[in-house]
Amino acid sequence: MTVATNGQRAILKIDKAVRRFGGLVAVNEVSFEALTGQVTGLIGPNGAGKSTMFDLITGVRPVTSGDIYFRDQRVTDAPPHTRSPMGMARTFQIVRLFHGMTVLENVLLGLHPKFPDGILRALFSSRALAAQERKARDRAMELLEFVGLASRAADAIGHLTLGQLRLVDIARALASDPALLMMDEPAAGLNDAETGNLLNMILALKMRGMAMLVVEHDIDFIMTACDRIVVMDRGAKIADGTPDAVRNDEKVIAAYIGRKATHATH
Ligand SMILES: Nc1ncnc2c1ncn2[C@@H]1O[C@H](COP(=O)(O)OP(=O)(O)OP(=O)(O)O)[C@@H](O)[C@H]1O
Ligand SMILES: [Mg+2]
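Residue numbers (the numbering used here): 18 to 283.
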């Protein structure tokens with residue numbers, strides 16, 4: 018499927034997805050779609066099943082039942098390593114980067130599937146290989162510029178703030194040129210300026226026709242960034258609509274207030 022800049026096609030379709038962990042139903046018959054050129058928010062109180070949903074989409078955990086379609090193909094049983102080359106990438110709630118490496122090297126790792134090494138590497142002449150490596154570094158630098166971290170390219174990962182690590186993780190995910198970018202709590206740990214930059218980045222990617230699925234607890238951020246919002250609570254989808262519709266939905270208000278009230282009693 019081609020990605021239209023103003024596209025409204027569903028790039029991702031979740032059909033009655035269920036995921037059980039023993040007796041716990043973490044995801045309970047959830048269906049929704051993510052459209053090209055749109056930012057879809059996935060929100061809900063702690064434990065609602067949002068990160069589990071990401072795991073089901075990427076395939077790191079299988080669904081107990083239900084189906085997942087990506088780019089018009091049923092990927093329900095496709096192993097994770099076959100899904101990312103189809104054009105999906107994610108960032109993590111707890112950032113997973115390689116601490117012994119530089120910022121640039123971490124982004125280069127994201128380019129890996131596009132620039133083969135190992136056995137194939139031996140087939141390249143050293144000249145072709147050097148050209149390929151240069152191309153990969155240029156692309157990685159371009160991505161670091163996009164996220165505003167080009168000046169930190171040579172720094173060790175350990176020297177970065179949490180906000181900066183989240184940006185490196187986004188650059189790494191973008192390196193695979195995904196058609197669908199899934200971000201799990203990208204604004205967590207970011208200061209106001211960084212959150213503003215993140216919002217601009219998301220809007221720039223949207224202008225290029227990228228589909229995004231964003232899990233986030235920062236409601237102002239979600240309301241501004243998203244075209245549509247899916248709300249989960251205790252595994253089930255309780256709302257799906259425009260930011261305004263969701264903001265005024267009684268079930269959504271009750272889910273958030275209910276949780277806060279529960280927390281307050283502990
Ligand atoms: N590997 C697992 N084994 C057992 N239960 C799990 C596992 N992973 C998640 N769960 C449970 O599934 C439910 C959904 O968890 P999940 O991490 O998807 O929630 P979440 O919406 O991402 O929450 P948060 O906002 O806190 O990140 C929770 O009750 C959680 O304890
Ligand atoms: Mg989570």
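Just so you know, even glycine gets a beta-carbon here, dropped at the ideal spot from N, CA and C.
Ligand 2 heavy atoms versus the CB of residue i: any closer than 7 angstroms?
{"i": "Lys-254", "result": "no"}
From the DSSP output, in three-state form, read off residue i for me.
{"i": "Ala-281", "result": "Here Ala-281 scores only 41 on pLDDT, less than 50, and its place in the model is too uncertain to base an answer on."}
{"i": "Ala-109", "result": "Reading off the sequence, residue 109 comes out as Phe, not Ala. Coil."}
{"i": "Gly-61", "result": "coil"}
{"i": "Gly-213", "result": "helix"}
{"i": "Val-248", "result": "strand"}
{"i": "Arg-151", "result": "helix"}
{"i": "Ala-192", "result": "coil"}
{"i": "Leu-286", "result": "Nothing in the structure corresponds to residue 286, since the chain is present only between 18 and 283."}
{"i": "Val-164", "result": "coil"}
{"i": "Ile-136", "result": "Because the pLDDT at Ile-136 is just 47, under 50, the model does not fix this residue reliably, and the value given afterwards should be weighed accordingly. DSSP places Ile-136 in helix when its eight states are reduced to three."}
{"i": "Gly-258", "result": "strand"}
{"i": "Arg-183", "result": "helix"}
{"i": "Gly-275", "result": "helix"}
Spell out the partners DSSP gives residue i in its beta bridges.
{"i": "Met-200", "result": "Val-231"}
{"i": "Gln-90", "result": "Phe-87"}
{"i": "Thr-81", "result": "Answer is none; Thr-81 lacks a bridge partner."}
{"i": "Ile-31", "result": "Phe-49 and Ile-85"}
{"i": "Thr-119", "result": "Ala-173"}
{"i": "Phe-71", "result": "Looking at the DSSP assignment, Phe-71 forms no beta bridge with any residue, so it has no partner."}
{"i": "Val-56", "result": "Met-229"}
{"i": "Ala-253", "result": "Asp-250"}
{"i": "Arg-36", "result": "Val-44"}
Taking the alpha-carbon positions, what's the residue i to residue j distance?
{"i": "Glu-46", "j": "Gly-252", "result": "8 angstroms"}
{"i": "Ile-187", "j": "Met-200", "result": "8 angstroms"}
{"i": "Ile-74", "j": "Thr-119", "result": "29 angstroms"}
{"i": "Val-248", "j": "Gly-61", "result": "5 angstroms"}
{"i": "Val-35", "j": "Leu-125", "result": "35 angstroms"}
{"i": "Ala-157", "j": "Val-263", "result": "38 angstroms"}
{"i": "Asp-259", "j": "Ala-205", "result": "Checking the sequence shown, residue 259 turns out to be Thr, not Asp. Whole-angstrom Cα-Cα distance: 23 angstroms."}
{"i": "Ala-147", "j": "Ala-153", "result": "10 angstroms"}
{"i": "Ile-136", "j": "Asn-123", "result": "Its pLDDT being 47, under 50, Ile-136 is placed unreliably in this model, and the value from its coordinates should be taken loosely. Each residue's alpha carbon lies about 22 angstroms from the other."}
{"i": "Leu-207", "j": "Gly-180", "result": "5 angstroms"}
{"i": "Arg-245", "j": "Ser-168", "result": "35 angstroms"}
{"i": "Ala-271", "j": "Ser-68", "result": "22 angstroms"}
{"i": "Ala-95", "j": "Gly-83", "result": "14 angstroms"}
{"i": "Gly-104", "j": "Met-240", "result": "26 angstroms"}
Any heavy atom of ligand 1 inside 7 angstroms of the beta-carbon of residue i?
{"i": "Leu-41", "result": "yes"}
{"i": "Gly-300", "result": "It is not possible to answer for residue 300, since the shown part of the chain is limited to 18 through 283."}
{"i": "Asn-217", "result": "no"}
{"i": "Phe-115", "result": "no"}
{"i": "Gly-64", "result": "yes"}
{"i": "Phe-163", "result": "no"}
{"i": "Gly-175", "result": "no"}
{"i": "Phe-87", "result": "no"}
{"i": "Phe-238", "result": "no"}
{"i": "Phe-38", "result": "yes"}
{"i": "Gly-61", "result": "yes"}
Exercise. So which residues put a beta carbon under 7 angstroms from any heavy atom of ligand 2, going in chain order?
Worked result: Lys-67, Ser-68, Gln-110, Asp-201, Glu-202 and Val-232
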